[in-house]
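Data block below; observations after.
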Amino acid sequence: MRILTVSNLYPPDVIGGYELACHQMTRELRARGHDVHVLTTWPRLPLRDEPGVERSLRLVDWYMRPHDAVPSDVTRLIDLRANVIDAANVGVLLRAISQVEPDVVYLWNLNFLGAYGLAGALAHLQVPVVWHLMDAVPRSAVTVGGQVSSSAGRLLSRRLRALYLACSQRLVDEIEHGGFRFGEAVRVVPNWVDPFPQDRERDTWPVAAPRLRLVSAGQLAPHKGLDLVLEMAGRLLAAGRTAFSVDLYGNGMLDHYRRMILDHELADHVRLMGAIPQDELVERLWDYDVFLFPTWSREPFAFAPLEAAARRCVSIMSRDCGNAEWGVDGVDVLKIDRGAGALAAAVGGILDRKVDLSRLGQGARRAVENSFTIDRVADSVEEALTDARALRAARPGRPEETYHLARLTEALAFDWADQNR
Amino acid sequence: MRSTRVAVVAPLHFGPGAYVGGGERYPLNLARGLVAADPSVRVDLVAVGRPARVEALQPRLAVHVLEVTLPGRNEFDHVASSLVDVLEASDVVHVHQAFTRPSQVALLVAKFLGKPVVLTDHGAMTNTVEQVSGYLDLVDLVICQSRFAASQLRSAGRRVVVPGGVDDHFFRPAEKPTSRRHVLFVGRLLPHKGVDRLISALPPDLPLVVVGRPYEQRYARYVHALAATRDIRFVEDADDLALRSLYRQAWATVLPSVHRDAWGGVYPAPELMGLTALESMASGTPAVVSDAAALPEFVRDGETGFVFGSLSELRERLQALASGAVDPDAMGRRALGVVRAEYGLGVVGVRMWAAYTTIRERAGCAS
């Protein structure tokens, strides 16, 4: 099958797991004999040309910027370009479709590309689409200045000739809350670990170390539960529980957490480890006992707890996040009601040896091996790609008309923004 | 028999407090003509405004006033998200006004939904989007209400001229002879409508009735000052029945529109049709129109009315009609015959329906 894959970023230019997963799936599909062409953005780094990878889309490079420091009319303009429409990117997509003539367009993360415009162009052309969703991209695509246009979401979902692969039901629900309607076209497929690591001998606490070795990795921000982690550490210490350490990997609100560590006198137990390369990070997970993941309920399905599980490092996670949908409490994960008290109680239970960490770790690794490897997920992806080709087309639009519509959308969007300055 | 749903979209609705001019009345007339033209047609008149409502005007004809979700700069510019639902249920979308935001959004949504789109412009312009997008090429068919209107639109697409669209069922001569007692003007009080010229040319002994709301205070003051010592009555709140009576009682209805107003302001397209001239003719009263824009296309000079160039010509024509040198009844009867044959609802409805059928067949979606 000839596939045109579209992703906002693509290795080696990466920020998170979404684009790494795109790369892994591209590699897997090529290994299965598919002709996969990747369309992504101008690199933010100097890169060499790579066969099968076209880096010509334009990225609104606005990741990790503090929006609250920006005037609202500027934010609105950025949102319009990043979320809604960039007609130039539609032009690039049309050219790629013309050149590749794909059987299916396989969409990944379209944030910061003018997602609505790209998906809308495909809808107008009635090209078969599979959209792999690991974030609420269709919802972002109809969000400007914090306001969600559910009618725009409904309109797009009605016209897209697409099947959707979503990494959790929670993600499906969140996107539908923004007006998008999946109907019967969505399939929930998990994220994965690739490569699945060879097993190795490892000891767990307390054999391996005098302190229970806790770790967390990802964006350092309150919504990911980092404040709760530090609060938990404070509670344990206040209760005289000192046999633990916490290492925090990643970037984010470093000043905020440095201050919290100092203010709560946690420095002997909590360390900020910074961001390190992904392959190095996953290797280090062998040396931790518990992965702390008290994330928010909007978490679609983070990769880091899976990587930890593959290394028999047991996750404690919020009961209502996307990852929790895939874990069995007490068998391969520990689920908690999100809060510092519950987190402290769960860790305290381990310190009290009420939990068999070794058994849980083996269960976690077994779960990954059985369900969360790329070859298993790729079967579902291939099935969706095949099924998408058979979706009936309804009055396909012409490419030149599609580009005109994109230009009109862009002009109307910016006219509206100009009115609201 | 499966019905064909036509969505007729215009920025403003057609009820009290929203009517502005022919650009709003015309779509309503068109809708009535369409419903009369074919028993399988259902028409949804769609506008944006307050209060939101759906109202059945007659069988197979409903007006949808959609709730404003994105307020615009003015009443021509509001957008409603529920437009998507109405347009999705339609088979053809006819957008009125080319350069207002709700019209442009309607066109965008309709094309995105794969619907054939027809466009008729009436001259309103609230933004410059067209200049950056060239979006008129998206339209499947441009229907123009005059040859002049057709000459004004920059579009590579197909266009046809369907002149007229006057409600000749309502605007008709009185059953009994009516005495004529005034010269009549009907239209918005705006500089390009040229009422000031009419007042200047008005023979001293003839009364004038000016029907229309002021939309520009400076011009209204100017016109009232000119009228101060004359037998001129201003009527701002005439309903359709009163308006019909005024047409019937006039020697002539004058449309003195100009390309250049009293202060030198330039109007490339002051009249794309001139609906009030046709209403007058349908009421059995001659129309006297300036030679500006589309107006001469609808009046046969010396037969159904007069076309004038200079103010002295206008004065002479009015004097002739009022004095009986030219019989306004005979001229009015000829005008009525032309309107019924060429510009009435039934005739225009059939032509519109034929145009819709053609583009639906071309799009491969006709039943």
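So the sequences go chain by chain: A and B. Using the working numbering, the first residue of the first sequence is number 1, and each one after it goes up by one. Using the working numbering, the first residue of the second sequence is number 1, and each one after it goes up by one. We put the CB at the ideal spot given by N, CA and C, even for glycine.
Near Leu190 (chain B), what residues of its chain come up, given a Cβ to Cβ distance below 8 Å and the 5 sequence neighbours on each side ignored?
-> In the second sequence, residue 190 (chain B) corresponds to position 190, counting from 1. The answer, listed in chain order, is Tyr215, Glu216, Tyr219.
Span of the beta strand (DSSP E) holding Arg53 (chain B)?
-> Counted from its first residue, the second sequence places residue 53 (chain B) at position 53. Segment 53-58, the beta strand (DSSP E) holding Arg53 (chain B).
Is it true that the region 196-212 of chain A meets the region 231-245 of chain A, where meeting means three or more beta-carbon pairs spaced less than 8 Å apart?
-> yes
CB contact check: Leu110 (chain A) to chain B, cutoff 9 Å | For this step, residue 110 (chain A) is matched to residue 110 along the first sequence. No, Leu110 (chain A) lies away from the interface with chain B (no Cβ there is under 9 Å from its Cβ).
Taking the C-alpha atoms as reference points, what is the distance between Gln169 (chain A) and Pro128 (chain A)?
-> If you number the first sequence from 1, residue 169 (chain A) lands on position 169. If you number the first sequence from 1, residue 128 (chain A) lands on position 128. Approximately 23 Å between the Cα atoms of the pair.
Quick one: give me the first and last residue of the beta strand (DSSP E) that Gly305 (chain B) is part of.
-> The residue labelled residue 305 (chain B) in the question sits at position 305 within the second sequence. First-last of the beta strand (DSSP E) with Gly305 (chain B): 305-308.
Compare the beta carbon distance of Ala388 (chain A) and Gln126 (chain A) with 9 Å and say whether it is the shorter of the two.
-> By 1-based counting over the first sequence, the position of residue 388 (chain A) is 388. By 1-based counting over the first sequence, the position of residue 126 (chain A) is 126. Not in contact: Ala388 (chain A) and Gln126 (chain A) (Cβ atoms no closer than 9 Å).
Using the Cα positions of Val350 (chain B) and Val139 (chain B), report the straight-line distance between them to the nearest angstrom.
-> On the second sequence, residue 350 (chain B) is found 350 positions in, with the first residue counted as 1. On the second sequence, residue 139 (chain B) is found 139 positions in, with the first residue counted as 1. Cα to Cα, Val350 (chain B) sits roughly 21 Å from Val139 (chain B).
Of the residues A:Ala390, A:Pro222, A:Val38, A:Gly145, the one placed nearest Thr75 (chain A), counting alpha carbons only = As a first step, residue 75 (chain A) must be located in the first sequence, where it is residue number 75. Measuring from the Cα of Thr75 (chain A), the nearest candidate turns out to be A:Gly145.
Runs of beta strand (DSSP E) lying entirely within the region 109-161 of chain A, each at least 3 residues, in chain order | 129-133
Which first and last residues belong to the alpha helix (DSSP H) in which Tyr356 (chain B) is found?
-> The count along the second sequence starts at 1 and reaches residue 356 (chain B) at position 356. Its alpha helix (DSSP H) spans residues 345-362.
Test item: CB-CB of Asp121 (chain B) and Ala149 (chain B) under 9 Å = Indexing the second sequence from 1 puts residue 121 (chain B) at position 121. Indexing the second sequence from 1 puts residue 149 (chain B) at position 149. Yes, these two residues count as a Cβ contact at 9 Å.
Beta-bridge pairing of Gly16 (chain A) - partner residues as DSSP gives them = As a working mapping, residue 16 (chain A) is identified with position 16 in the first sequence. Gly16 (chain A) is not bridged to any residue.
Report the rounded CA-to-CA distance for Asp320 (chain A) versus Glu265 (chain A), giving the unit in angstroms.
-> For the purposes of this step, residue 320 (chain A) is taken as the residue at position 320 of the first sequence. For the purposes of this step, residue 265 (chain A) is taken as the residue at position 265 of the first sequence. Approximately 31 Å between the Cα atoms of the pair.
What is the residue span of the alpha helix (DSSP H) that Trp263 (chain B) lies within?
-> On the second sequence, residue 263 (chain B) is found 263 positions in, with the first residue counted as 1. Note, Trp263 (chain B): premise wrong, no alpha helix (DSSP H); not H, not E.
Applying a beta-carbon distance threshold of less than 9 Å, which residues of chain A neighbour Val109 (chain B)?
-> As a position in the second sequence, residue 109 (chain B) is number 109, starting the count at 1. Result: Leu155.
Please check if any C-beta of chain B sits within less than 9 Å of the C-beta of Asp415 (chain A).
-> The residue you call residue 415 (chain A) lines up with position 415 of the first sequence. Yes, Asp415 (chain A) lies at the interface with chain B (some Cβ there is under 9 Å from its Cβ).
Reference Tyr288 (chain A), options A:Asp247, A:Val36, A:Ile276, A:Ala267, closest by Cα = Here residue 288 (chain A) corresponds to residue number 288 of the first sequence, with the count starting at 1. Looking at the Cα atoms, A:Asp247 is the closest of the given residues.
Limits of the alpha helix (DSSP H) - the one that Arg233 (chain B) falls within | Position 233 of the second sequence holds residue 233 (chain B). First-last for Arg233 (chain B): 232-235, but that is the beta strand (DSSP E), not the alpha helix (DSSP H).
Pull up the CB-CB distance for Pro116 (chain B) and Val92 (chain B), whole angstroms please, since I reckon it's below 8 Å.
-> On the second sequence, residue 116 (chain B) is found 116 positions in, with the first residue counted as 1. On the second sequence, residue 92 (chain B) is found 92 positions in, with the first residue counted as 1. The C-beta distance from Pro116 (chain B) to Val92 (chain B) rounds to 5 Å, short enough to meet the 8 Å contact threshold.
Tell me whether Ile261 (chain A) sits in a helix, a strand or coil according to DSSP, three-state version.
-> Residue numbering aside, residue 261 (chain A) sits at position 261 when the first sequence is read from its first letter. The answer is helix: DSSP assigns Ile261 (chain A) an H, G or I state.
Span separating the alpha-carbon of Leu94 (chain A) from that of Val105 (chain A) = Stepping through the first sequence from its first residue, residue 94 (chain A) is reached at position 94. Stepping through the first sequence from its first residue, residue 105 (chain A) is reached at position 105. Between Leu94 (chain A) and Val105 (chain A), the C-alpha separation is close to 11 Å.
Tell me, please, which residues DSSP counts as bridged to Phe185 (chain B).
-> In the second sequence, residue 185 (chain B) corresponds to position 185, counting from 1. DSSP output for Phe185 (chain B) lists B:Val210 as bridge partner(s).
Integer Cβ distance of Val100 (chain A) from Leu4 (chain A), believed to fall under 8 Å = Sequence index remark: in the first sequence, residue 100 (chain A) carries index 100 (1-based). Sequence index remark: in the first sequence, residue 4 (chain A) carries index 4 (1-based). Indeed they touch by this definition, with Cβ atoms about 5 Å apart.
Under a three-way DSSP split, which group does Ser367 (chain B) fall into?
-> Residue mapping note: residue 367 (chain B) aligns to position 367 of the second sequence, counting from 1. With a pLDDT of 45 at Ser367 (chain B), under the threshold of 50, the predicted position of this residue should be treated as unreliable, though the coordinate-derived value follows. Residue state, collapsed to three classes: coil.
How far does the beta strand (DSSP E) with Trp251 (chain B) in it reach, from first residue to last?
-> Reading the second sequence from its first residue, position 251 is the one you call residue 251 (chain B). It spans 250-255 - the beta strand (DSSP E) in which Trp251 (chain B) sits, taken as one unbroken run.
Buried or exposed: Ala238 (chain A), going by 16 or more other Cβ atoms within 10 Å of its Cβ?
-> Here residue 238 (chain A) refers to the residue found at position 238 when the first sequence is read from its first residue. By the 10 Å Cβ count, Ala238 (chain A) comes out exposed.
Three-way DSSP call (helix, strand, coil) for Glu50 (chain A) in this model | Stepping through the first sequence from its first residue, residue 50 (chain A) is reached at position 50. Strand at Glu50 (chain A).
Look at the alpha carbon of Val326 (chain B) and the alpha carbon of Ala201 (chain B), and state the distance between them as a whole number of angstroms.
-> As a first step, residue 326 (chain B) must be located in the second sequence, where it is residue number 326. As a first step, residue 201 (chain B) must be located in the second sequence, where it is residue number 201. CA-CA distance, Val326 (chain B) to Ala201 (chain B), rounds to 18 Å.
Ends of the beta strand (DSSP E) at Tyr249 (chain A)?
-> By 1-based counting over the first sequence, the position of residue 249 (chain A) is 249. Per DSSP, Tyr249 (chain A) belongs to the beta strand (DSSP E) from 244-249.
When DSSP labels each residue in this structure, what does Leu59 (chain A) get in the three-state scheme?
-> Here residue 59 (chain A) is taken as the residue at index 59 of the first sequence, counted from 1. Reduced to three states, the DSSP call for Leu59 (chain A) is coil.
With 9 Å as the C-beta to C-beta threshold (strictly closer), list the residues of the region 104-133 of chain A near chain B in chain order.
-> Gly120, Ala123, His124, Gln126
With distances taken Cα to Cα, identify the nearest neighbour of Val60 (chain A) among A:Leu45, A:Gly52, A:Ala82.
-> On the first sequence, position 60 is the one that residue 60 (chain A) refers to. Checked all of A:Leu45, A:Gly52, A:Ala82; the closest Cα to Val60 (chain A) is A:Ala82.
Sort A:Glu174, A:His269, A:Ala31, A:Gly327 by Cα distance to Phe293 (chain A) and report the nearest one.
-> As a working mapping, residue 293 (chain A) is identified with position 293 in the first sequence. Taking only the C-alpha atoms, the option nearest Phe293 (chain A) is A:Gly327.
Just how far apart, CA to CA, sit Asp375 (chain A) and Leu306 (chain A)?
-> Numbered from 1 along the first sequence, position 375 holds the residue referred to as residue 375 (chain A). Numbered from 1 along the first sequence, position 306 holds the residue referred to as residue 306 (chain A). Cα to Cα, the separation comes out at about 15 Å.
Beta-carbon proximity of Asp167 (chain B) to Leu345 (chain B), cut-off 9 Å = Mapped onto the second sequence, residue 167 (chain B) falls at position 167. Mapped onto the second sequence, residue 345 (chain B) falls at position 345. Their beta carbons are under 9 Å apart, which means Asp167 (chain B) touches Leu345 (chain B) by this criterion.
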